[in-house]
Amino acid sequence: MSQAQNKGFVLIGRIVGDSSSQKATLFQRDIFRADTVPISNSQFTFIGKVHHPYIASVGTDKASQGRGVWLSNDTIRASFKIDQGYLQPIDVSGPPETIDYLTNINQINAYNTSTLSRAQKNQQVADLISQYVTSHPASSYSFFLLSMNSRTLGASLSRDLLAKLSPALQESEDAQDLKKKLLNEEATTLDKTLNGFSLPDTNGVLQRILPSGKPYTLLAFWASWCAPCRIHNRRDLVKLYQRLDHNQVELISISLDDNRAAWVSAIAKDGLTWPQRSDLNYLSGPIAKQLALYSVPQFILVDGLNKVLATNLDSAIQLIDKK
Numbered sequence: 007m008s009q010a011q012n013k014g015f016v017l018i019g020r021i022v023g024d025s026s027s028q029k030a031t032l033f034q035r036d037i038f039r040a041d042t043v044p045i046s047n048s049q050f051t052f053i054g055k056v057h058h059p060y061i062a063s064v065g066t067d068k069a070s071q072g073r074g075v076w077l078s079n080d081t082i083r084a085s086f087k088i089d090q091g092y093l094q095p096i097d098v099s100g101p102p103e104t105i106d107y108l109t110n111i112n113q114i115n116a117y118n119t120s121t122l123s124r125a126q127k128n129q130q131v132a133d134l135i136s137q138y139v140t141s142h143p144a145s146s147y148s149f150f151l152l153s154m155n156s157r158t159l160g161a162s163l164s165r166d167l168l169a170k171l172s173p174a175l176q177e178s179e180d181a182q183d184l185k186k187k188l189l190n191e192e193a194t195t196l197d198k199t200l201n202g203f204s205l206p207d208t209n210g211v212l213q214r215i216l217p218s219g220k221p222y223t224l225l226a227f228w229a230s231w232c233a234p235c236r237i238h239n240r241r242d243l244v245k246l247y248q249r250l251d252h253n254q255v256e257l258i259s260i261s262l263d264d265n266r267a268a269w270v271s272a273i274a275k276d277g278l279t280w281p282q283r284s285d286l287n288y289l290s291g292p293i294a295k296q297l298a299l300y301s302v303p304q305f306i307l308v309d310g311l312n313k314v315l316a317t318n319l320d321s322a323i324q325l326i327d328k329k
């Protein structure tokens, strides 16, 4: 999936209905690289090489990056137009996957903007992706389509479709990461009831976590070495804890650290005054395994019966504020 191809790409673009743009920028999302070239007579050309096919967004000095194109080491021609301030592709030619990407993303957008119910929209998307993945098991675009829509598909269907991909794709590092993500989603799916458990506090004393005895318990999984976690601690959780009704909501932070000194030091530096728990076993502890944790930060809100109500911080806060 990630093998470099021998040749490079040539992306020839044309902007329809705009003659004022002077520069075009190509942003390769997988490696966070941007290249800029001049626009002449509404046309531009990018030449380069990608390590593996992926999405590349195109923008100009007059329009932001839109849906982009599926970029591989081939010659690709694309027409764009400016739509509500975004440069959107309207037609492409080149390898089949490049054409399929534009066709599929337009179809998915059409489903999502239709008057169908959310369940019907999701079913339409699931049918489209299932048919494509089944028909193109060796395509890196099939894996991309599957991984980008795994939440819509659900963990069970996503896992089934992943099993239909070629052995090379299934064994890739990206596929292994997706498998971990799907296991985590299944373990923490909404309305699932978690098993009760206990963890040591900073003094090594075992403390009951679930059930907490309160209507809501917000579990915040983090680690001292996780920069986004530390930002959430200082920016969001400190303020949240100060305004919570502690008779109704229990906030408990659970660290995936394996170094006690680093864990305790981070608690002090971030000003975390609510219950802190950790078995200091990183991902090998029983709680990490029960929830199939594979990365942090992660947030889980449960009710008094240990039923999962939310699996991200924004949704959890919204539910807490509605109580």
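Going by our numbering, 128 is the number at position 122 of the sequence shown; the sequence numbering is gapless.
Cβ atoms here follow ideal geometry from the backbone N, Cα and C, with glycine treated the same way.
It should be emphasised that the depicted structure is a prediction, and the values quoted were computed from it without experimental measurement.
Annotated three-state conformation of A267 is helix, per DSSP.
Here the C-alpha atom of R165 lies approximately 22 Å from the C-alpha atom of I111. Residue environment analysis places R283 among the buried positions, since at least 16 neighbouring C-beta atoms fall within 10 angstroms of its C-beta. Counting other Cβ atoms within 10 Å of its Cβ, E179 stays below 16 and is therefore classed as exposed.
Per DSSP, P95 is one residue of the beta strand (DSSP E) stretching across 92 to 99. Contact between L307 and L257 does not hold, since their C-beta atoms are separated by about 10 Å, which reaches or exceeds 8 Å. If you check the CB distance, P303 and H238 come in under 8 Å.
For T104, the enclosing alpha helix (DSSP H) begins and ends at 102 to 118.
The beta carbons of S48 and R20 sit closer together than 8 Å.
Fewer than three Cβ pairs drawn from the region 121 to 134 and the region 52 to 63 lie within less than 8 Å of each other, which leaves the two stretches out of contact.
For T317, there is no enclosing beta strand (DSSP E), as DSSP gives it neither H nor E. Straight-line measurement puts the Cα of S156 at about 12 Å from the Cα of E192. Contact between the region 292 to 301 and the region 309 to 324 is absent, with fewer than three C-beta pairs closer than 8 Å. For the pair V64 and T104, the CB atoms are not nearer than the 8 Å cut-off. According to DSSP, residue pairing for S46 in a beta bridge involves Q49. Its Cα nearest to that of T31, the residue Q71 stands out among I82, D89, Q71. Following the DSSP letters along the chain, one finds A229 in no beta strand (DSSP E), marked with neither H nor E. If you look at A62, you'll find it in the beta strand (DSSP E) that goes 60 to 66. Taking each of P143, I114, I37, A62 in turn and checking the Cα distance to T158, the smallest one comes out for I114. Here DSSP, grouped into helix, strand and coil, assigns Y288 to coil. Here G100 is near I82, since their CB atoms are less than 8 Å apart. The straight-line gap separating the alpha-carbon atoms of A161 and L311 is approximately 24 Å.
Beta-bridge annotation (DSSP): L299 is not paired with any residue. In terms of Cα proximity to H142, the closest of N118, S26, P173, T199 is P173.
Per DSSP, the continuous alpha helix (DSSP H) segment holding P173 begins and ends at 173 to 176. Beta-bridge annotation (DSSP): T121 is not paired with any residue. The alpha-carbon of R214 is positioned some 9 Å away from that of P206. Contact between F15 and L108 fails: their C-beta atoms lie close to 16 Å from each other, not under 8 Å. Nearest in C-alpha terms to F86, of all of L17, K127, Q137, is L17.
Of L319, D309, V139, T199, the smallest CA-CA separation from K220 is found for D309. Excluding its 5 nearest sequence neighbours in each direction, P234 has C-beta neighbours in its own chain below 7 Å: P303, listed in chain order.
Beta bridge pairing from DSSP links K87 with V22, Q94.
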